[in-house]
Every structure is written in C-alpha cells, then in structure tokens.
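Sequential numbering of the sequence shown, starting at 7, is according to the working numbering.
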Amino acid sequence: MSPKSLRSFACGLLVAAVALGAVYFIQGDGASSAAAPELTEDEMKQSLAEAGYVIEQQDTWDQMESDLQEAQAALEDATQNEDGDSEERIVYRTILHVQSGMTSIDVGQMLEEAGIVDNAHDFFDAVDERGLSNELKPQVTGELSSEMSMDEILDELF
7 MSPKSLRSFA CGLLVAAVAL GAVYFIQGDG ASSAAAPELT EDEMKQSLAE AGYVIEQQDT
67 WDQMESDLQE AQAALEDATQ NEDGDSEERI VYRTILHVQS GMTSIDVGQM LEEAGIVDNA
127 HDFFDAVDER GLSNELKPQV TGELSSEMSM DEILDELF
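Below, the structure is given as structure tokens:
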C-alpha cells in the first residue's frame, strides 16, 4: 500500500467511527427514558406474588430466622442426649473352628464377618509381620471377642 492510500483508509475509519458515535449518543438518550416504567410498591409486590415469590417484612423474616435457629439448637441437644445414652458398645463374641487347609486370610475373613476385627487385611498383615502365617493349625479356639486386641487374638490362634 502506498502512503496516500493508507492515509485515505485511516480517514475513512475515523469518519465512520465519528458517525457511529454520534448515532449512538443521539439514539441512546431517547430510548432509555421510555424503556422502564415506574412501578409502585404495591404493583411490585403484586407482580412478585403472581410470579410465585413470597414477600415478608424484615421483622417477620428475622423472627422466622430466630425460630429456626432455636429449633436447630433443640434438635442438636436432643441428638447429643441420644448419643450420650447410647455409649454402650456392642461386643461380638465367637468361637472359631480352624480347619486344615485354611490360611490366615481365610481366618481373617471369618473374624471380619463375625465382627471381631475391623479389617481382614489388617489381620493378615499382623500375622505376616510376626511371621506366623505357616504356623496356623486346625483347632477350635476359645471364645474370641471384639474387645480383644489384635495381639490377644493372635496369641489365641497361633
């Protein structure tokens, strides 16, 4: 492009921008005053009620919020009282029959099903850490309970 044609192009852009700006500002003043009609407070309430909204005064709303907080506090107190009463722990007891061919994984699964241990894998890991996995013998154990520690259970079985 030559300098003369570039200057002509820039002049054309400037004239177009000025023309569009003038139209925007002239049209913008007339359109904004007619667009939003003023509504009274009663008309606004009626319009919102027809749309399904509930309109409350601020003091009524505050009263409802305080009632809700009181109800939640009463509910929390009631649940805390129930928790305080139910501190009794359920104790599971079982007698385990270890048969030939059973592994410590099988015994751990049986103990987990009986509620004696929380996780069969933890039992297997404890047996493996002590190196007792090959020492499991067929037997009928004494009474095992969920109150026993992992060491007590292992001492009973191995």
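Just so you know, even glycine gets a beta-carbon here, dropped at the ideal spot from N, CA and C.
The structure displayed is predicted, hence computed values, not measured ones.
Buried or exposed: residue i, going by 16 or more other Cβ atoms within 10 Å of its Cβ?
{"i": "S8", "result": "exposed"}
{"i": "L74", "result": "exposed"}
{"i": "V133", "result": "buried"}
{"i": "I32", "result": "exposed"}
{"i": "M50", "result": "exposed"}
{"i": "L102", "result": "buried"}
{"i": "L54", "result": "exposed"}
{"i": "S110", "result": "buried"}
{"i": "G249", "result": "The question about residue 249 has no answer here: the residues shown for the chain are numbered 7 through 164."}
{"i": "L150", "result": "buried"}
{"i": "V97", "result": "exposed"}
{"i": "V21", "result": "exposed"}
My output table needs one value for residue i: the three-state DSSP class, helix, strand or coil.
{"i": "I61", "result": "coil"}
{"i": "S3", "result": "Given a span of 7 to 164 for the chain in the structure shown, any question on residue 3 remains unanswerable."}
{"i": "L54", "result": "helix"}
{"i": "I96", "result": "coil"}
{"i": "I101", "result": "strand"}
{"i": "D124", "result": "coil"}
What do you reckon, is the C-beta of residue i under 7 Å from a heavy atom of the ligand NAP?
{"i": "L142", "result": "The ligand NAP is absent from the structure shown, which contains no ligand whatsoever."}
Tell me which residue opens and which closes the beta strand (DSSP E) that residue i is part of.
{"i": "S151", "result": "Q145 to S151"}
Since residue i and residue j should fall inside the 8 Å C-beta cutoff, what is the C-beta to C-beta distance between them, to a whole number of angstroms?
{"i": "E158", "j": "T147", "result": "In fact, because the Cβ distance is near 11 Å, the residues do not count as touching under 8 Å."}
{"i": "F129", "j": "L142", "result": "With a Cβ gap of about 12 Å, F129 and L142 do not count as contacting."}
Thinking just about the alpha-carbon of each residue, which of the options is nearest to the one in residue i?
{"i": "H127", "options": "S106, N140 and M156", "result": "M156"}
{"i": "M154", "options": "G121, T46, A57 and N140", "result": "G121"}
Starting from residue i, trace the alpha helix (DSSP H) in both directions and tell me its first and last residue.
{"i": "L163", "result": "M156 to L163"}
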